[in-house]
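Under mature numbering (1 follows the signal peptide of the UniProt record, and there is no 0), residues -29 to -1, 1 to 249 are what the sequence shown spells out, in order. Working notes, beginning with the structure itself.
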Amino acid sequence: MHFNAMKLSNALLSMVFCAFICLPETTGATDNTVDLVNDAIDRAKQYQEQIALPEQTNREGQSAAGKAFEEFQSQAFQEKIAAEKDRIENSLFGPFSSQPPAAATDGKICPDGWPATERLILFISSSMPLSVLRTYVKNIDALDDPNVVMVLNGFVDGMQTVRPTLDFLEQLMVRDRDCRLSEGKPCNVYDANIQIDPLLFSRFGIQQVPAVAYVRNVKMIDARQSMALEGNLSQEIDAVVVYGDASLEYSLERIFDETGSPRIKKAVQTLREDFYAQ
């Protein structure tokens, strides 16, 4: 498929969506998308300071902190964040997209058999070898499911600028490494869901990468928000996490040995077929 800017934007949006509350209403995309997202990050930092729990020992300060936290966690506030995230996604990246983003599933079966109650999460880092990361991206593309995702713990080189993160995502997702999206070329990209979600790293206690988590019993209150956001899961999840610098196929084989999941077995078969088809 041709380059879909929405794919590269999803990872950024997942990290800075809180900042979008502070952005003015817009009706179209800007010519300088990176500057606008950088501005969103700056506003996110300011907003973070406003909602951060103050380190105060007096009762009045603790009460104010609790109220601020309750407001941030409230359904109304989270709905506002989600609405603004969707608005900015459409206004910034929509005009560059060749197809609309995939709708969130709500318990229905995905085309390849994965239900919305299950997730396969591959935890990665930009410090890993690029060749290994590109192989993982090719694997995710082969599995072709919105509930199979790669997750970063944060921005590349911090939140001061999104340029390093954009460059990193481009290196991962462009099929032909000689093609440059930054030069305005219509490059072909892998269809891989890459997100930035430090909450997921904390939720599963990920201390080293790569790590693969197979999660079941996922019932999210709001599918647009992070699964790890407090209060966004309606029941306890069942997760199996495996570590090791190994192929995704091998990691899935280990998960299958422990769970016997038919979907994991199918994923292993898909990766094998894709390997021999190359």
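Every residue, glycine too, gets a C-beta built ideally from N, C-alpha and C.
Opposing strand residues paired with residue i [DSSP bridges]
| i | result |
| --- | --- |
| Arg187 | Asp209 |
| Val120 | Ile92 and Asn164 |
| Val145 | Val160 |
| Ala194 | Note: Ala194 sits in no beta bridge, so no partner. |
| Tyr107 | DSSP output for Tyr107 lists no bridge partner at all. |
| Ala182 | Phe94 and Tyr214 |
| Leu204 | Met191 |
Residues near residue i by beta carbon distance below 6 Å, same chain, minus five either side
| i | result |
| --- | --- |
| Val120 | Ile92, Asn164 and Gln166 |
| Glu244 | none |
| Thr136 | Phe126 and Val127 |
| Asp162 | Asp112 |
Cβ shell of residue i (< 7 Å), same chain only, five flanking positions each side left out
| i | result |
| --- | --- |
| Phe175 | Ala184, Ala210 and Val212 |
| Met191 | Met198, Asn203 and Leu204 |
| Glu229 | Val211 |
| Ala105 | Here residue 105 is Arg; the residue named in the question, Ala, does not match the sequence. So the list reads Leu143, once near-sequence residues are dropped. |
| Glu89 | Asn118, Val186, Arg187, Val189 and Arg234 |
| Leu170 | Ser197, Ala199 and Leu200 |
| Ala248 | none |
Inter-residue Cα distance where the pair is residue i and residue j
| i | j | result |
| --- | --- | --- |
| Leu223 | Asp116 | 15 Å |
| Asp168 | Met198 | 9 Å |
| Ile235 | Asp128 | 34 Å |
| Asp216 | Ser102 | 13 Å |
| Pro100 | Gln142 | 12 Å |
| Ser232 | Lys156 | 41 Å |
| Asp138 | Val160 | 14 Å |
| Asp193 | Glu154 | 37 Å |
| Arg134 | Ser98 | 16 Å |
| Ser218 | Gln131 | 33 Å |
Within 8 Å, strictly: CB atoms of residue i and residue j
| i | j | result |
| --- | --- | --- |
| Met144 | Val122 | no |
| residue 309 | Ile177 | A question about residue 309 goes unanswered here, because the residues of the chain that appear run from -29 up to 249. |
| Asn118 | Ala87 | yes |
Among the options, the one whose alpha carbon lies nearest that of residue i
| i | options | result |
| --- | --- | --- |
| Gly125 | Gly231, Leu140 and Leu152 | Leu140 |
| Ser205 | Arg187, Gly215 and Leu219 | Arg187 |
| Ile95 | Val103, Val180, Ala87 and Thr241 | Val180 |
| Ser173 | Leu200, Arg151, Asp147 and Lys156 | Leu200 |
| Thr241 | Val160, Leu114, Ser218 and Arg105 | Leu114 |
| residue 258 | Gly231, Ala182, Asp193 and Pro233 | Since the displayed the chain opens at -29 and closes at 249, residue 258 lies outside it and no answer follows. |
Chain-order list of residues whose beta-carbon lies under 8 Å from that of residue i (same chain, five-residue window excluded)
| i | result |
| --- | --- |
| Val239 | Glu220, Leu223, Glu224 and Phe227 |
| Cys158 | His(-28), Phe(-27), Val145, Arg146, Asp147, Cys150, Arg151 and Leu152 |
| Phe246 | Glu220 |
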